[in-house]
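Trainee: Sending over a structure as structure tokens; questions will come in a sec.
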DNA sequence: TTTCAGATTACGGTTTCCCGTAAAGATAAG
DNA sequence: CTTATCTTTACGGGAAACCGTAATCTGAAA
């Protein structure tokens with residue numbers, strides 16, 4: 447079993463509970479953090495002390511509570527952690543229900559496992575830790591084909607910027623000026639219209655309201 | 447302390463953990479359910495057996511997983527439970543961050559306490575159970591002034607229907623026909639326009655995209 | 001440099017939406 | 001029944017968005 451693991455989870459309840467699970471599984475050193483920044487610091491220190499963590503077990507979303515944080519979510523933490531310690535094994539434990547989002551974690555951040563908070567999460571978590579220890583990946587069935595089912599769209603920062611502006615109430619005709627200030631490439635109203643049209647078409651949508659709703663649901667904006 | 451409590455929480459981890467907490471606090475009979483429908487059944491049975499539960503401790507959001515449920519969320523469960531057993535004490539344990547939503551729970555469903563899943567939830571949960579046992583309410587500081595801060599809007603089912611249609615891509619000019627079918631009162635296009643205008647104005651919005659984003663954020667739709 | 005494909009922009013016609021005003025209908029009090 | 005008030009509907013002008021087409025720009029290959 448793993449020698450040492452770091453739990454990063456802002457819910458005191460979950461955090462405590464995971465600590466217990468890991469200890470039951472035989473992990474010798476179980477440490478924990480409530481903030482991503484704290485976690486990264488602990489990873490650094492452990493590395494410097496030549497006692498690096500073997501496993502990072504983290505949530506994705508963290509509540510803001512006044513303490514200003516560099517790393518605002520689990521994805522940012524994982525990226526920083528992998529940068530610091532490429533061989534670190536990562537297990538994500540989250541309520542994120544969108545397969546596309548979870549799929550990206552595997553593809554882009556190369557995480558080793560994902561456990562969905564739910565009706566079987568205790569069982570899953572135990573299995574996942576054992577899987578990962580054996581250098582296997584743990585991907586729950588619901589997320590197996592996270593290959594973005596039928597129609598999906600890769601939102602670029604350009605797309606996100608436009609849709610965010612819409613969601614803030616900006617008139618389309620005022621968007622070009624704003625895009626220019628932020629140094630985007632295609633800033634003309636025509637380009638904005640064309641892009642929106644394109645996105646709507648690939649998603650099979652007819653109106654921007656629909657697009658905004660979709661982006662909110664999928665946490666694009 | 448309470449004699450018996452029912453935990454309704456679909457996350458196995460949280461569920462288990464709460465069970466432990468309640469037992470530690472001295473609750474004799476701790477039962478649990480993963481589905482709201484199951485929970486209501488248990489409440490009924492207990493009532494019939496003359497051993498009613500003293501405390502209902504429930505989450506708000508429940509994942510769908512194929513089993514068809516009558517009660518799809520904690521709010522519906524609480525309503526049904528209070529209907530069945532008006533004196534039942536209710537403590538909600540959820541990650542819902544919107545003070546307006548939580549405020550409504552206190553106002554409309556008359557719950558006895560709310561504990562927000564977060565960095566202090568273990569401490570809070572223990573305190574809350576003790577508070578409620580002493581017939582006090584437990585309202586976390588963040589939600590004290592859930593008096594819908596500055597501008598807010600009470601969305602009627604009529605409003606929600608219209609905005610949902612927009613979010614689904616329905617053209618405004620097609621909405622009247624749909625409203626008629628569902629037997630609404632003001633179905634004309636003019637009325638729809640007027641209502642949307644009104645809502646936007648009270649919220650200080652300029653565009654429907656903004657309104658849809660707001661409703662998504664606040665779980666109105 | 002020339003050529004060509006792709007990206008970006010300009011422009012005009014059509015649709016949809018926005019919003020004000022006035023008419024029509026409903027409801028309750030006198 | 002009449003009046004008054006509120007709600008709902010009808011209508012029209014103007015703004016914004018939508019969408020196709022053509023012109024312009026850009027960058028790389030020949």
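Residue numbers (our numbering), protein chains in the order written: chain G, 447 to 667; chain A, 447 to 667. Even for Gly, the Cβ is constructed at its ideal location relative to N, Cα and C.
For chain A, check one thing: does any of its Cβ atoms lie closer than 8 Å to the Cβ of residue 470 of chain G?
Mentor: It does not; no Cβ of chain A falls within 8 Å.
Trainee: Would you call the stretch 447-466 of chain G and the stretch 501-513 of chain G touching, i.e. three or more CB-CB distances under 8 Å?
Mentor: Taking 8 Å as the limit for Cβ pairs, the verdict is that the stretch 501-513 of chain G does touch the stretch 447-466 of chain G.
Trainee: Short check: CB of residue 607 of chain A to CB of residue 628 of chain A, under 8 Å?
Mentor: Yes, the pair counts as a contact, with Cβ atoms nearer than the cut-off.
Trainee: Between which residues of its own chain and residue 579 of chain G is the CB-CB distance below 7 Å, once the five residues before and five after are set aside?
Mentor: Only 447, 448 meet the Cβ criterion.
Trainee: In the stretch 485-556 of chain A, which residue ranges form an unbroken alpha helix (DSSP H) of at least 4 residues, counting only runs that do not cross its ends?
Mentor: Listed in chain order, the complete alpha helix (DSSP H) runs (minimum 4 residues) inside the stretch 485-556 of chain A are 520-530, 545-554.
Trainee: Check the Cβ of residue 543 of chain A against every Cβ in chain G and list those closer than 9 Å, keeping chain order.
Mentor: Neighbours of residue 543 of chain A on chain G, chain order: 509.
Trainee: Give me, in chain order, the residues of the same chain whose beta-carbon lies closer than 6 Å to that of residue 661 of chain A; leave out the 5 immediate sequence neighbours on both sides.
Mentor: Only 609, 667 meet the Cβ criterion.
Trainee: Does DSSP classify residue 574 of chain A as helix, strand or coil?
Mentor: Residue 574 of chain A: helix per DSSP, three-state reduction.
Trainee: For the stretch 459-470 of chain G against the stretch 561-573 of chain A, do three or more pairs of beta-carbon atoms, one drawn from each stretch, fall closer than 8 Å, so that the two count as touching?
Mentor: Touching, per the Cβ criterion.
Trainee: Tell me residue 660 of chain A's beta-bridge partners as DSSP assigns them.
Mentor: Looking at the DSSP assignment, residue 660 of chain A forms no beta bridge with any residue, so it has no partner.
Trainee: Along the stretch 556-573 of chain G, what residues have a CB closer than 8 Å to any CB found in chain A?
Mentor: Of all residues in the stretch 556-573 of chain G, 563, 564, 565, 566, 567, 568, 569, 571 have a Cβ within less than 8 Å of some Cβ in chain A.
Trainee: Checking contacts by CB at 8 Å: is residue 496 of chain G closer than that to chain A?
Mentor: So no, residue 496 of chain G is outside the interface.
Trainee: Name the one or two DSSP bridge partners that residue 601 of chain G has.
Mentor: Its beta-bridge partners do not exist; DSSP assigns none.
Trainee: List, in order along the chain, the chain A residues whose C-beta lies closer than 7 Å to that of residue 614 of chain G?
Mentor: 656, listed in chain order.
Trainee: Pair every Cβ in the stretch 649-660 of chain G with every Cβ in the stretch 609-622 of chain A, then say whether three or more of these pairs are closer than 8 Å.
Mentor: Segments in contact, yes.
Trainee: Please state if the CB of residue 512 of chain A and the CB of residue 537 of chain A are separated by a distance shorter than 8 Å.
Mentor: Contact: no.
Trainee: For residue 418 of chain G, I'd like the list of residues in its chain whose CB is within less than 8 Å of its CB, leaving aside the five on either flank, ordered along the chain.
Mentor: An answer regarding residue 418 of chain G cannot be provided, because it is not within the stretch 447 to 667 covered by chain G.
Trainee: Alpha carbon to alpha carbon, what distance is there between residue 522 of chain G and residue 653 of chain A?
Mentor: Cα to Cα, residue 653 of chain A sits roughly 33 Å from residue 522 of chain G.
Trainee: Report yes if the CB atom of residue 489 of chain A is closer than 8 Å to the CB atom of residue 499 of chain A, and no otherwise.
Mentor: Cβ atoms of residue 489 of chain A and residue 499 of chain A: closer than 8 Å.
Trainee: What residue ranges within the stretch 451-483 of chain G form continuous beta strand (DSSP E) runs of no fewer than 3 residues, ordered along the chain?
Mentor: Complete beta strand (DSSP E) runs here, min 3: 475-479.
Trainee: Could you give the first and the last residue of the continuous beta strand (DSSP E) run that contains residue 561 of chain G?
Mentor: Residue 561 of chain G -> beta strand (DSSP E) spans 559-562.
Trainee: If we ignore side chains and look at the alpha-carbon of each, how far apart do residue 479 of chain A and residue 451 of chain A end up?
Mentor: Distance between the alpha carbons of residue 479 of chain A and residue 451 of chain A is about 11 Å.
Trainee: Could you work out which residues of chain A lie near residue 462 of chain G, taking near to mean beta carbons separated by less than 8 Å?
Mentor: Here the neighbours are 463, 568.
Trainee: Rounded to a whole number of angstroms, what is the C-alpha to C-alpha distance between residue 554 of chain G and residue 573 of chain G?
Mentor: If you take the alpha carbons of residue 554 of chain G and residue 573 of chain G, they lie about 23 Å apart.
Trainee: I want to verify the contact list: residues of chain G whose CB lies under 7 Å from the CB of residue 528 of chain A, in sequence order.
Mentor: In chain order: nothing, as chain G lies at least about 25 Å away.
Trainee: So, using beta-carbon positions, are residue 517 of chain A and residue 482 of chain A closer together than 8 Å?
Mentor: For residue 517 of chain A and residue 482 of chain A, yes; Cβs fall inside 8 Å.
Trainee: Assign residue 665 of chain A to one of two classes, buried (16 or more other C-beta atoms within 10 Å of its C-beta) or exposed (fewer than that).
Mentor: Residue 665 of chain A comes out exposed.
Trainee: What residues from chain A crowd round residue 540 of chain G, counting only those whose CB sits closer than 9 Å?
Mentor: The contacting residues do not exist; residue 540 of chain G stays about 11 Å from chain A at best.
Trainee: Span of the alpha helix (DSSP H) holding residue 646 of chain A?
Mentor: That run of the alpha helix (DSSP H) goes 635-649.
Trainee: Report the rounded CA-to-CA distance for residue 581 of chain G versus residue 556 of chain G, giving the unit in angstroms.
Mentor: So the alpha carbons of these two residues sit roughly 13 Å apart.
Trainee: Assign residue 491 of chain A to buried or exposed, taking buried as 16 or more other Cβ atoms, counted over all protein chains shown, within 10 Å of its Cβ.
Mentor: Residue 491 of chain A comes out exposed.
Trainee: Indicate whether residue 509 of chain A and residue 549 of chain G have their beta-carbon atoms separated by less than 8 Å.
Mentor: No, these two residues do not count as a Cβ contact at 8 Å.
Trainee: Beta-carbon of residue 659 of chain A versus every beta-carbon of chain G: anything under 8 Å?
Mentor: Yes, residue 659 of chain A lies at the interface with chain G (some Cβ there is under 8 Å from its Cβ).
Trainee: Any Cβ of chain G within less than 8 Å of the Cβ of residue 579 of chain A?
Mentor: For residue 579 of chain A, the answer is no, since every Cβ of chain G falls outside 8 Å of its Cβ.
Trainee: Scan the stretch 606-631 of chain G and note each continuous alpha helix (DSSP H) run of 4 residues or more that stays entirely inside, going in chain order.
Mentor: Fully enclosed alpha helix (DSSP H) runs of 4 or longer: 621-627.
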